[in-house]
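Colleague: Numbering (our numbering), first residue to last: 23 to 524.
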């Protein structure tokens, strides 16, 4: 089934229910449905559907949702990306996925146009995209698609430092949506959903589930996350559920007055980054048992394990919870054998949420999916009662403030600085950001690593998005390595945590 059928059904059952509210304007489900149909017809007319890639490079606003469901509806593939990407980063993704259309907004149009390929059509929300969405609609029915047809390409880490596109089919998104509603947030048309995290990431899957149940979806007016304003908004509009990254939870906890009361709030789904047990306990003490934690990757979107509201007990905090219904999770050794309880190994996942493969990277697909099992690259252990504990990320990905930072990508940029001989980028735990990006630098002989932090930061800012730039630089004489020459990042993390490297 085309994933856009969820919107079509909501519009047929609840046409006058509010769908999307932003900056004082509300679309009901009838108009949300009509605009997506207009966008879908336009994609067909310009030859961008079916099966072409539609990049979404804009901040949270209704047009992002309209373009997403419109692309689904046309049988095209959406490629939502972080709106903070630089020209270098965005142009790589546009060229890699061969994007036929790039949707942006006025704040990002210069980067978008500089990143577009010659065959890419750029449309700007609030400007010429409005003409597309205002067109009369002839056909409201979603395009028929095969279950394994790619609906979403989610860009994730690559061993070369450049992202790889995980292909998520309509069947995968249907499973993710139904399971989301079955065991995470059982929404209906009376619910009010708040989208305060980027819809290009985990919040986008939450938005699909909310659309499937005709919930009223609220997009905050401000582009930046203001915790006091969010707390007020939750009470003003009666928010019942939301998706947040852990950094936002920490900010809300710190901003909440002692007598805070959010009587309508029932579910806060979170994931995409680590959160310390102490920070989670403070949130529970402040807001009560409303939190649901998900663990997954772009390759199995938010659908590997879950820690339900009732599971947020002191002995469970810090864990990844238990496997989701319909999903198999194992911890395996280097030969693929299941590890005994509490014995560390690699976490592997099987089930209907697993990606089809990596876009244009068959070798990487074969390396990652073996006999139906997705090898996550995450190291962990599983207790005898099925609780999963993550120990490390073998792929060295850092998650800071809910955004993925790929160490190799940052290292490749910093090693181009003339004062840097070697560099290893690691993440260290942080209550607010989940992890801080730290660069351990070996200077060139006779150099001080230009290696003053401001110089390296300015250099990195020319190429990298702000959230990828190290917050801290540490200078050392040599990086620790094993017998094969591989940098021992676990040893670096330990040395920084113990104060041996400062």
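Note that beta-carbon positions come from the ideal geometry of N, C-alpha and C, so glycine has one too.
Excluding five sequence neighbours on each side, which residues of the same chain lie with their C-beta closer than 7 Å to the C-beta of residue 479?
Modeller: 491
Colleague: Thinking C-beta only, is residue 387 closer than 7 Å to residue 369?
Modeller: no
Colleague: I'd like to know whether the C-beta atoms of residue 459 and residue 427 end up nearer to each other than 7 Å.
Modeller: yes
Colleague: Quick one: measure Cβ to Cβ for residue 311 and residue 331, integer angstroms, because I've assumed they're closer than 8 Å.
Modeller: 5 Å
Colleague: Can you give me the Cβ contacts of residue 219 inside the same chain, cut-off strictly under 7 Å, excluding the 5 residues immediately before and after it?
Modeller: 225, 265, 266, 267, 270, 424
Colleague: Using 8 Å as the cut-off, can you tell me whether the segment 233-251 makes contact with the segment 204-215, which would need three or more C-beta pairs spanning the two stretches below that distance?
Modeller: yes
Colleague: Can you list, in chain order, the residues of its chain whose CB lies under 6 Å from that of residue 296, leaving out five sequence neighbours each side?
Modeller: 456
Colleague: Run the proximity test for residue 166: is its beta-carbon closer than 6 Å to any non-hydrogen atom belonging to the ligand MN?
Modeller: This structure simply doesn't include the ligand MN, nor any ligand for that matter.
Colleague: Would you please state the rounded distance, in angstroms, between the beta carbons of residue 188 and residue 176? I believe it to be under 8 Å.
Modeller: Contact between residue 188 and residue 176 holds, since their C-beta atoms are separated by about 5 Å, short of 8 Å.
Colleague: Which whole-angstrom value describes the C-beta separation of residue 58 and residue 92, a residue pair presumed to lie in contact below a C-beta threshold of 8 Å?
Modeller: 4 Å
Colleague: Enumerated in chain order, which unbroken segments of the alpha helix (DSSP H) with a length of 4 residues or greater are wholly contained in the segment 185-236?
Modeller: DSSP runs (the alpha helix (DSSP H)) wholly in the segment 185-236: 192-205, 224-234.
Colleague: Would you kindly check if the distance between the Cβ of residue 115 and the Cβ of residue 103 is under 7 Å?
Modeller: yes
Colleague: Measure from the alpha carbon of residue 441 to the alpha carbon of each residue in 497, 32, 260, then state which is nearest.
Modeller: Distances from the alpha-carbon of residue 441 to those of 497, 32, 260 put 497 closest.
Colleague: Leaving out five residues on either side along the sequence, give the residues of the same chain with a beta carbon under 6 Å from the beta carbon of residue 180.
Modeller: Confidence in residue 180 is poor, its pLDDT being 45 and thus under 50, which makes the residue's placement unreliable; the coordinate value appears in the next sentence. Around residue 180: 186.
Colleague: Take the Cβ of residue 207 as the centre, count every other Cβ of all protein chains shown within 10 Å, and call the residue buried at 16 or more, exposed below.
Modeller: buried
Colleague: Just confirm the distance between the C-beta atoms of residue 374 and residue 154, as a whole number of angstroms; I'd bet it's less than 8 Å.
Modeller: Between residue 154 and residue 374 the Cβ distance is about 34 Å, and since that is not below 8 Å, they are no contact.
Colleague: I want to know whether the segment 358-367 touches the segment 394-408 - three or more CB-CB distances under 8 Å.
Modeller: The answer is yes - the segment 394-408 touches the segment 358-367, with three or more Cβ pairs under 8 Å.
Colleague: When the Cβ atoms of the segment 161-174 are set against those of the segment 334-352, are three or more pairs found closer than 8 Å?
Modeller: Not touching, per the Cβ criterion.
Colleague: If we count the other Cβ atoms within 10 Å of its Cβ and call it buried at 16 or more, is residue 23 buried or exposed?
Modeller: exposed
Colleague: Taking the beta carbon of residue 182 as the centre, do at least 16 other beta carbons fall within 10 Å, making it buried, or is it exposed?
Modeller: At residue 182, the pLDDT of 46 sits below 50, so the modelled position is not reliable; the number obtained from the coordinates is stated separately. With fewer than 16 other Cβ atoms within 10 Å, it is exposed.
Colleague: My parser needs the alpha helix (DSSP H) runs of 4 or more residues fully inside the segment 229-292; what are they?
Modeller: 249-259, 268-277
Colleague: Specify the secondary structure class of residue 356 as computed by DSSP and reduced to three states.
Modeller: coil
Colleague: Tell me which residues share the same chain as residue 27 and place their Cβ nearer than 7 Å to its Cβ, disregarding the 5 neighbours each side in the sequence.
Modeller: 164
Colleague: With distances taken between CB atoms, is the gap from residue 275 to residue 308 smaller than 7 Å?
Modeller: yes
Colleague: Work out the CA separation of residue 138 and residue 184 for me, nearest whole Å.
Modeller: In this structure, the CA atom of residue 184 is about 18 Å from the CA atom of residue 138.
Colleague: Using only the alpha-carbon positions, how far apart do residue 446 and residue 61 sit?
Modeller: Roughly 45 Å separates the two Cα atoms.
Colleague: In whole angstroms, what separates the C-alpha of residue 519 from that of residue 450?
Modeller: 8 Å
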